[in-house]
Structure formats: C-alpha cells, structure tokens
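Here's the structure, in structure tokens; my notes come after.
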Amino acid sequence: MRNQYMPFIPNQIIRHNRLVFIKLTQGKWTIIDEIDYDKVKQFKWHTSVPKGGKTYYARTIPPGAGKRRISIKLHQILRPCARYFEVDHKNRNGLDNRISNLRVVTHAENMLNKSLRLDNPTGHTGISWDKLHNRWHAGLCLQGQAKHLGFFTCFKKALASRKAAEIKYF
C-alpha cells in the first residue's frame, strides 16, 4: 500500500496504433484505447484473479482508500454502469479493456458470455443427454430459476430450441 514515504511509480506503458499496453504484476499486460489513457494514468495497476476464477483483471487501490483497501477494476472506470448492471468483456479476456470489447449488460446477459465447462460433452450450454428419457434436454436459467425447454430426439432440434429461447429471453 502506498503511503507518504512510498513514491508513486507508474506502470510501464507501450503505445502502438492508438492503443496503450500497460504492464501489470505477474508478467501480465492490459490493453486500452489511447483516448482512455488519461482516465487511468494516475493509478498503479495490478493483476488480480477473483477467488475460484480463471480470468485475469487489471485492478487498482485508489489513493485515500486507507484501511478499507477498496479496489477498482480497470473496466469499471472505462465503462461505468448503473446498479444491477455489469461490464462484460465480449472476448472473455479480462485484460482486453478496449471500449470496443466492453459492454454494459445485466448479470443474466453476462452469464451467456461465459466459457463452456470443461466437462461439457455437447459443446453447447444448456443442452444435455437425459438418460431417463433417452432424449436430448434443452433448458436455461432465468433469474435463478431453471426453465425446461423440452426433450428432443434430435440434437439439432434441442439446440435450435435453446437458441430461440436465448433470443426470446435475453
């Protein structure tokens, strides 16, 4: 933590093609649009990974945070959003903070943009084989509630049902 005895040492940066690459801790780099650099240059940026997560983010502890040690993620400064909304990285890279890669979404919309689980045998979210019915099951989660879309003998029909539901509900 920085105090009056520790000078502010800015992160190393590289400017290239209207982009700024900012060196973080753990040997990582984050990328932002050059136009946004003035918004973030006064902070010292670090690498962070949320507990149980795989995605790296750029994070800072602003001066004056004191003992509370409140931290702010870089994308929250670049794309502020209202309560009940989140900033989503379209390409799922938490260190790519170009404005073209950031969007403000609901939590449900953000969950649609997550990677497949490693144990997913179908290659698609919301589609699974139901041994009891000997059919493909399509479903999704809406506001914390599981929504059954149906059982299908054909995988393609189950997938079409899931895709149609995503368009309808999200």
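Quick note on this note's numbering: the sequence shown kicks off at 920 and runs consecutively.
Note that beta-carbon positions come from the ideal geometry of N, C-alpha and C, so glycine has one too.
Because the structure is a prediction, the values reported are computed rather than measured.
Going by other Cβ atoms of all chains shown within 10 Å of its Cβ, with 16 needed for buried, is Y976 buried or exposed? Here residue 976 refers to the residue found at position 57 of the sequence shown. Per the 10 Å Cβ criterion, buried.
Rounded to the nearest angstrom, what separates P981 and K992 at their Cα positions? Position 62 of the sequence shown, counted from the first residue, corresponds to residue 981. Position 73 of the sequence shown, counted from the first residue, corresponds to residue 992. Their Cα atoms are separated by approximately 10 Å.
What did DSSP end up calling Q1064 once you bin it into helix, strand or coil? By one-based count along the sequence shown, residue 1064 stands at place 145. Here DSSP, grouped into helix, strand and coil, assigns Q1064 to strand.
Measuring only the C-alpha atoms, how far is G946 from D955? Within the sequence shown, the letter at position 27 stands for residue 946. Within the sequence shown, the letter at position 36 stands for residue 955. Each residue's Cα considered, the two are about 22 Å apart.
Return the residue from the list R1017, R1011, D1007 and N1020 that minimises the CA-CA distance to E1028. Counting from one through the sequence shown, the residue named residue 1028 turns up at place 109. Closest by alpha carbon: D1007.
Who does S1047 pair with in a DSSP beta bridge? By one-based count along the sequence shown, residue 1047 stands at place 128. DSSP lists H1056 as partners of S1047.
Assign G1042 to one of two classes, buried (16 or more other C-beta atoms within 10 Å of its C-beta) or exposed (fewer than that). If you number the sequence shown from 1, residue 1042 lands on position 123. By the neighbour-count rule (16 or more Cβ atoms within 10 Å), G1042 is not buried but exposed.
By alpha-carbon positions, which one of K958, T1072, A1065 and L1051 ends up nearest to R998? Reading the sequence shown from its first residue, position 79 is the one you call residue 998. Residue K958 is the option with its Cα nearest to R998.
Are A1084 and W1055 close, meaning C-beta to C-beta below 8 Å? For the purposes of this step, residue 1084 is taken as the residue at position 165 of the sequence shown. For the purposes of this step, residue 1055 is taken as the residue at position 136 of the sequence shown. In this structure, W1055 does not lie closer than 8 Å to A1084 by Cβ.
Per DSSP, which one or two residues make a beta bridge with R997? If you number the sequence shown from 1, residue 997 lands on position 78. One detail in the question is off: residue 997 reads as Leu in this sequence, not Arg. L997 has no beta-bridge partner at all, per DSSP.
Helix, strand or coil at I933 [DSSP, three-state]: Translated into positions along the sequence shown, residue 933 becomes position 14. In this structure, I933 counts as strand in the three-state DSSP scheme.
Neighbourhood of I989 by C-beta distance below 8 Å, restricted to the same chain and skipping five residues each side: For the purposes of this step, residue 989 is taken as the residue at position 70 of the sequence shown. Sequence-distant partners of I989 (beyond 5 residues in either direction) whose C-beta falls short of 8 Å from its own C-beta, in its chain, are I980 and P981.
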